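Residue numbers (this note's numbering): 1 to 395.
Just so it is clear, CB atoms sit at the ideal spot from N, CA and C, and this is done for glycine as well.
For clarity, every value in this text was computed on a predicted model and none was experimentally measured.
Reading through the structure tokens given below for one structure.
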Amino acid sequence: MLARNMHMLEWKQQLASILIHFTKLFYDTLYHSYVAGTNYFFVQDSLIFTFGFCMPGKKNKYLLVWFLSLAIVLGPAYTLFDNYNYDFVENPDIETYMGLASFDFDQSPVRRYRVLVPFAAAGVNFILSPILDRVQPWTFPGPDFSLGFSFLLVNSILVALCGLLVFQLCQQFGISVPGSILGSLSFLTCRWTAYAAGLPLVDSLYLLVIIMVLLAIKTRRDSLIILAIMLGPWAKESFIFIAPLIFFFHPMKKGKLLFWFVLSGAIVFSFRYAFDQLNGFSASESIQKDLGHFDQIGPSLQRLFSFHGLYEILSIIGLWGAGFLLLIKKEFRISLKQLTPVYFYFFLGIVLVHALLSYDLARMFFLATPLLAVWYGKFADDLVKKSGLQFFQDE
């Protein structure tokens, strides 16, 4: 046993050395590619992660995956945060959520109830603003560096949790550890991941809830699905389209599921009613605006079946899309078919509904990337198995 532990420790030390060189190359590339100084906050996270691999014991695995996810996403997220054109006309979502974080509730009737992430950012800002106000770069293009940076921290932590849950989802489908890491990388390096982490948005929480649902159905965990049901309506109202996925595919008794749905809805609508009453808003206004999204189906279909729509879809995953060329081979198609459960296809239909009701196709199709991560992990394992290599085999 001692010899085996020494062998594992030596292996992890070697892996840590490789990762240190990788992260150094990664951040040096960011440094020379973008504005000087945009990445100095994040080297420490990378080192914590890489040195953490030297600690024996499987109990640290998920913490290390979370650190890896955080280290990967923070660099691009900060670069976007520090260079983004904060045009509230082009992106009114940012104005809404920064307004909510500043306790200005006279916002869009569609988005003003999504308060969890803005309130969390407000709390972080309350603590860190004395420091952040002093170190604000004079070149920062946004309206409030301290509040924006607080959103960055909250959203990056949530996106890193998404990366961890994607890793766990891959593991639940029998994918190796390296294959699961590669699957998580396919999610963390998507075009919209940096937006979810770096800008004052609430997409990170909604994405986290969706991955929780996918994982809870696979693992049959009641506690995880209950947490998703309670958080979902707070993240986005479109969680109502995720509810059928939970109802039909999670093994919890339907009576219990209905109870949790009713309880969650009662809490959310009680908050919305009190929120509207205290601020003098009309409750029917938000419902009318939500229903107005159905008018977007026609234009969304036109964009979807056009060159622009094709570009939007392909731009989500970028070069990762080349992995689907493997489906030319029959054995890969068979392997993917055997891996994919029915609820994955049901979920893809739900993502399509999100996209058709939205003004931004790519941002909604991005919700499917956790599912794609499982497929990429499977592609990686199958490729290694087919080539006879040993890199992706677990101990």
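How would you call residue i, buried or exposed, if buried means at least 16 neighbouring beta carbons within 10 angstroms?
i	result
TYR345	exposed
VAL110	buried
GLU90	exposed
ASP106	exposed
THR369	buried
ALA380	buried
HIS354	buried
ALA322	exposed
ARG4	The predicted model places ARG4 with a pLDDT of 49, which falls under 50 and marks its position as unreliable; any figure quoted below should be read in that light. Exposed, since its Cβ has fewer than 16 Cβ neighbours within 10 Å.
VAL73	buried
ASP104	exposed
GLU285	exposed
LYS254	exposed
HIS250	buried
SER238	buried
ASP82	buried
So which of the options has the shortest CA-CA distance to residue i?
i	options	result
LEU371	GLY280, LYS218, GLN302 and PHE294	LYS218
SER204	LYS61, GLY377 and MET364	MET364
GLN277	VAL65, TYR113, ALA71 and LEU224	TYR113
ARG220	ALA235, LEU257 and TYR97	LEU257
SER270	TRP234, PHE173, ILE328 and THR189	TRP234
PRO200	ILE131, LEU100 and ILE297	LEU100
PHE347	PHE366, GLN338 and GLU331	PHE366
TYR97	TRP375, LEU116, VAL177 and LYS330	LEU116
LEU245	GLY349, LEU310, LEU325 and ALA373	GLY349
Does chain C have any CB closer than 7 Å to the CB of residue i?
i	result
VAL135	Among the chains of the structure shown, chain C does not appear; only one protein chain is present.
What does a CB cutoff of less than 6 Å around residue i pick up in its chain, not counting 5 residues either side in sequence?
i	result
SER387	none
LEU80	ALA194 and GLY198
In chain order, what residues of the same chain have a beta carbon less than 7 Å from the beta carbon of residue i, not counting five sequence neighbours either side?
i	result
VAL124	SER150, LEU153 and VAL154
SER180	PHE167, CYS170, GLN171 and GLY377
HIS32	Confidence in HIS32 is poor, its pLDDT being 41 and thus under 50, which makes the residue's placement too unreliable to answer from.
TRP260	ILE226 and ILE229
TRP375	LEU336
Is residue i near the ligand ATP, going by C-beta to nearest heavy atom under 6 Å?
i	result
ILE267	With respect to the ligand ATP, the structure shown offers nothing to examine, as it has no ligands at all.
Quick one: residues in its chain with C-beta nearer than 8 Å to the C-beta of residue i, no 5 flanking neighbours on either side, listed in chain order?
i	result
ILE157	LEU70
Task: Complete alpha helix (DSSP H) runs within the segment 140-196 (minimum length 4 residues, chain order) - done: 145-172 and 177-188
Task: Those runs of the alpha helix (DSSP H) which lie wholly inside the segment 257-311 and span at least 4 residues - done: 283-291 and 297-304
Task: alpha helix (DSSP H) segments (min. 4 residues) lying fully within the segment 60-112 - done: 61-83 and 92-101
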